Amino acid sequence: MKFDVSKASPEARLFFLCAIAYAAIVLFVISRPLIWLLGYVADDAFYYLQVARHLAESGRSTFDGVNPTNGYHPGWMLILTVAAKLVPTRILLLRAMLLITLIIHALGAGIMKKILERYLRPMLALVIAAGWLFNPFALRLALCGTEGPLATCMALLAVLLALRLSDTGAVSLRRCAVLGLVLGAAVLSRTDQLLLAFLVLLPLGLERLAGRFSVTGTSLKRVAVAAGCAAVVVAPWLLFSYLSVGTLQQDSGVMKQLWLAHQDTRRSLPDGLLPMWLAPVFGGLSGSSDPLDAMGVALMGLFAAFAARSRQTWEPFRALSLWLLAYVLTLGAIYVWRFSDLQIWHWTTSAAACWIVVCGFAALAWEAADSRVRRWTFAAVLFYLAALPILRAPLREPSYVWQRATFYCAPRLQRMVPEGEPIGCFNAGIPTYFSRRHLVNLDGLVNHSIVPYWKRGEVDAYLRQNGIRYIADESHAFDRMMTFCRDNPRFTQVAVISEPGRAKYLRRLWRLENAPR
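All letters in the sequence shown, in the order written, are residues 6 to 522 by the numbering used here.
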């Protein structure tokens, strides 16, 4: 059966064009040279790939083949482990990971369209979802190769199912069970989705009686079924984590909290939430890192929200928007208050939520406009939000220029270390994934054995006890380690090198003196 474009609806034509354009982007990305990919795929993604290879080969959760780890989000790790079983080489596995994450990003955009169709015309919902699909910021988040797109996809699916539950008068326990299973999968995709699960289950536990919300036996049963099904999904990971490393808390989270606790100044929520969370999210959506652009996007959404009040769907969409913004603000507050080392993929679900809110209100305002001037005004707002970021901020500049320098310098530094000597490394993803040498992760994100030494401030003792005489990395991570050492260890700087033309990104090799061989 042939697809006749000339007879298709405008919505079908736009969908067809988006599918072709996105397929071209996917093919372009996965066919890029390795050095190009290293500018966009985060070093943390290579942590995932390396652990996935060990899980696929031996069933052991380890980064270096020796030390156990649980410093990852299990849902994304499960997918990559299956991929590692099927894909034979490291480079092909990297490309397979990008293919998977870009497909998941597209699925998330499709679910976003389904959510928006509850409040908007299908064509407008498609335009907004397509804007998210092709948004350079969203694509950068997808190209990181981390769990962000999967977490966003599962979060959007959970929101869609929760909204559908609210459509029916009598909520069936079967639907609650399905919602619980999806919430469990969302938590596995990124463990901070425990917040999402709580915010979804909270309204499920309330029942409207005589104009008031109250807790009843029926509503509690719904929550119990959903929470129980979510727990069934999450429980195997908790058991696996405990058997692997003897704890349920992820080492990566433990280390980031530890680093923040030892900083000279602690962040306050008012000072940290705006510049470290809201400004990057809103600014990223506009294709700019300028705080003024971020403020402009937020003000556009607020202006559109007031202008759209005459629409019949304004009230339910406002309720959804308030819920989504509560999620964004609460999640941001947790990260700013409790964790150091914020990465761009931590913003993925928040960015998708803000995109729905701002673009949704702009579309509602366009539908509600009662004059040509107002319709053109909100058409311009929608164009600014959905199309302009694609024009102003394509993927010209890589996100991680320093990683290309790491790829160049790491093997050269490793050749300066005698064969058989273990090499310590903090940003260890790329150096380990592309090396046959024994590299040991020293920042504790994927090395459970060193975490207690960081907690006690005895990292130097770990180095001596494990015969690690050489460290190859950049100076910032090395200096942070030195503040967690007890006996003032003496290091000699053996070498300093950089990639030709990029002297800014220096990589150094240190040798620990008086260390046991």
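Using N, Cα and C, we set each Cβ at its ideal position, and we do this for glycine too.
These figures come from a predicted structure and were not determined experimentally.
Asked, Found
"Beta-carbon spacing of residue 191, residue 182 below 8 Å", "no"
"Option in 15, 49, 459, 371 with minimal Cα separation from residue 316", "371"
"Beta-bridge pairing of residue 497 - partner residues as DSSP gives them", "516"
"Distance between residue 102 and residue 441 (C-alpha atoms, nearest Å)", "21 Å"
"CB of residue 318 within 8 Å of CB of residue 265, strictly", "no"
"Option in 341, 67, 48 with minimal Cα separation from residue 245", "67"
"Outcome for residue 346 when other beta-carbon atoms lying within 10 angstroms are tallied against a minimum of 16", "exposed"
"Assigned exposure category for residue 33 - 16 Cβ within 10 Å defines buried", "exposed"
"Residue 74 versus 98, 148, 257, residue with shortest Cα-Cα distance", "257"
"C-alpha gap between residue 95 and residue 38, whole angstroms", "14 Å"
"Of the residues 274, 196, 166, the one placed nearest residue 123, counting alpha carbons only", "166"
"Residue(s) in a DSSP beta bridge with residue 445", "429"
"Sequence ranges, alpha helix (DSSP H) only - wholly within the segment 313–348, length at least 4", "319–343"
"Touch test, the segment 133–140 against the segment 110–125, Cβ-Cβ under 8 Å, three pairs minimum", "yes"
"Pairwise C-alpha distance: residue 146 and residue 460", "31 Å"
"CA nearest to the CA of residue 394, picked from 327, 247, 298", "298"
"Contact set for residue 287: own chain, Cβ-Cβ below 7 Å, skip 5 residues either direction", "299, 302, 303, 359"
"Supposed contact pair residue 341 and residue 251 - C-beta distance, whole angstroms, cut 8 Å", "With a Cβ gap of about 30 Å, residue 251 and residue 341 do not count as contacting."
"C-beta contact flag for residue 518 and residue 483 at 8 Å", "no"
"Alpha-carbon to alpha-carbon, residue 104 and residue 154", "12 Å"
"Rounded distance between the beta-carbons of residue 238 and residue 189, thought under 8 Å", "3 Å"
"Residue 511 and residue 499 closer than 8 Å at C-beta", "no"
"Nearest-angstrom Cβ-Cβ length linking residue 194 and residue 78, presumed shorter than 8 Å", "6 Å"
"Residue 51 and residue 435 closer than 8 Å at C-beta", "yes"
"Residues near residue 261 by beta carbon distance below 7 Å, same chain, minus five either side", "344, 345, 346"
"As assigned by DSSP and simplified to three states, the class of residue 16", "helix"
"Run of the alpha helix (DSSP H) containing residue 476, from where it starts to where it stops", "Element bounds for residue 476: not the alpha helix (DSSP H) but the beta strand (DSSP E), 475–478."
"Status (buried if at least 16 other CB within 10 Å, exposed otherwise) for residue 228", "buried"
"Closest Cα partner of residue 296 within the set 280, 210, 308", "280"
"For residue 77, the three-state DSSP class (helix, strand or coil)", "coil"
"Contact with chain D by residue 148, beta-carbon distance below 8 Å", "Absence of chain D from the displayed structure is noted, only one protein chain being present."
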